[in-house]
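Residues 1 to 200 (this note's numbering) make up the sequence shown, in order. Everything below concerns the one structure shown next.
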Amino acid sequence: MTLRVGVFDYGAGNLHSLVKAIEVSGASTQIFTDCREALSADALVLPGVGSFATAARALSGAGDEMREALEDGLPCLGICLGMQILFEESDEGGGPGIGFLRGRVERLQGEIVPHMGWNDVATGGDPLFADTPDLIAYYANSYVCRPRDEDSVTAWSEYEDDRFAAAVRRGRCWGTQFHPEKSSRPGLRIIANFLKEAAR
Numbered sequence: 001m002t003l004r005v006g007v008f009d010y011g012a013g014n015l016h017s018l019v020k021a022i023e024v025s026g027a028s029t030q031i032f033t034d035c036r037e038a039l040s041a042d043a044l045v046l047p048g049v050g051s052f053a054t055a056a057r058a059l060s061g062a063g064d065e066m067r068e069a070l071e072d073g074l075p076c077l078g079i080c081l082g083m084q085i086l087f088e089e090s091d092e093g094g095g096p097g098i099g100f101l102r103g104r105v106e107r108l109q110g111e112i113v114p115h116m117g118w119n120d121v122a123t124g125g126d127p128l129f130a131d132t133p134d135l136i137a138y139y140a141n142s143y144v145c146r147p148r149d150e151d152s153v154t155a156w157s158e159y160e161d162d163r164f165a166a167a168v169r170r171g172r173c174w175g176t177q178f179h180p181e182k183s184s185r186p187g188l189r190i191i192a193n194f195l196k197e198a199a200r
């Protein structure tokens, strides 16, 4: 049975590379603009395009429903902004996030912001990073997540003097601050690993 992955479109950008990366791994995709409808998929992907305010508006008051679905075990991968919207609130403004992860999204501490380009990722033993040794991933972000519970952090990166969460996990929900769909073969492996875990 083919895994059906719902991609929640905040209405902020091109999702072509993300959809292609998911489908290369053998899953089917459906793009949803209604987040309630997106919860009907076998797994959910929150893409990394747009601003926190855009994503908060797109939730249309359904943040509680999405949080409950994640609590109930709906597999989810949040990418960049998609990881940030899993948290409670952001310095970028624009209303509350989903609140599945406790913490705040803050502006990256650095002289040159946004953080654009490739960066080392120090990974732990999470299955999301299976077969991705010495990971270098692609970033495009001005904000980073500051989890209240650092036990949820599964990978770290450093930009200038700022050490931040490169990836997080709670239950069957993962987030990456970097863009796996733009991170060459290791990034595709991370997406494949997520789909494998989602299918369990």
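Glycine included, C-beta positions come from ideal geometry on N, C-alpha and C.
| Buried or exposed: which applies to methionine 1, given that a residue is buried once 16 or more other Cβ atoms fall within 10 Å of its Cβ? | The residue in question, methionine 1, is exposed, as its Cβ has fewer than 16 Cβ neighbours within 10 Å.
| request: Please report the residue range of the beta strand (DSSP E) in which proline 162 lies. | output: The sequence given here places aspartate at residue 162; proline does not occur at that position. Unbroken beta strand (DSSP E) run through aspartate 162: 162-170.
| message | Beta-carbon within less than 8 Å of alanine 62's beta-carbon, same chain only, minus the 5 sequence neighbours each way: which residues are those? | response | Cβ within range, chain order: Cys35, Arg36.
| Closest Cα partner of arginine 185 within the set Thr54, Val49, Val24 | Relative to the Cα of arginine 185, the nearest Cα in the group Thr54, Val49, Val24 belongs to Val24.
| Residues bridged to asparagine 141 (per DSSP) | Under DSSP, asparagine 141 takes part in a beta bridge, and its partners are His115.
| What residues match up with histidine 206 in a beta bridge as DSSP calls it? | The question about residue 206 has no answer, for the chain in this structure spans 1 to 200.
| query | Should methionine 66 be labelled buried (16 or more other beta-carbon atoms within 10 Å of its own) or exposed? | reply | Counting Cβ neighbours within 10 Å, methionine 66 comes out buried, since at least 16 surround it.
| request: Answer yes or no: do serine 152 and glutamate 92 have a C-beta to C-beta separation smaller than 9 Å? | output: No; because the gap between Cβ atoms is not below 9 Å, this pair is not in contact.
| phenylalanine 32 by DSSP, collapsed to three states: which one? | Note: phenylalanine 32 maps to strand in three-state DSSP.
| Beta-carbon proximity list for phenylalanine 129, same chain, < 6 Å, skipping 5 on both sides | Closer than 6 Å at Cβ, skipping near neighbours: Thr123.
| request: Can you grab the Cα-Cα spacing for the pair asparagine 14 / proline 180, in whole Å? | output: Cα to Cα, asparagine 14 sits roughly 15 Å from proline 180.
| said: Measuring alpha carbon to alpha carbon, tell me which residue in Arg189, Ser183, Ala192, Asn193 is nearest cysteine 80. | reply: Residue Ser183 is the option with its Cα nearest to cysteine 80.
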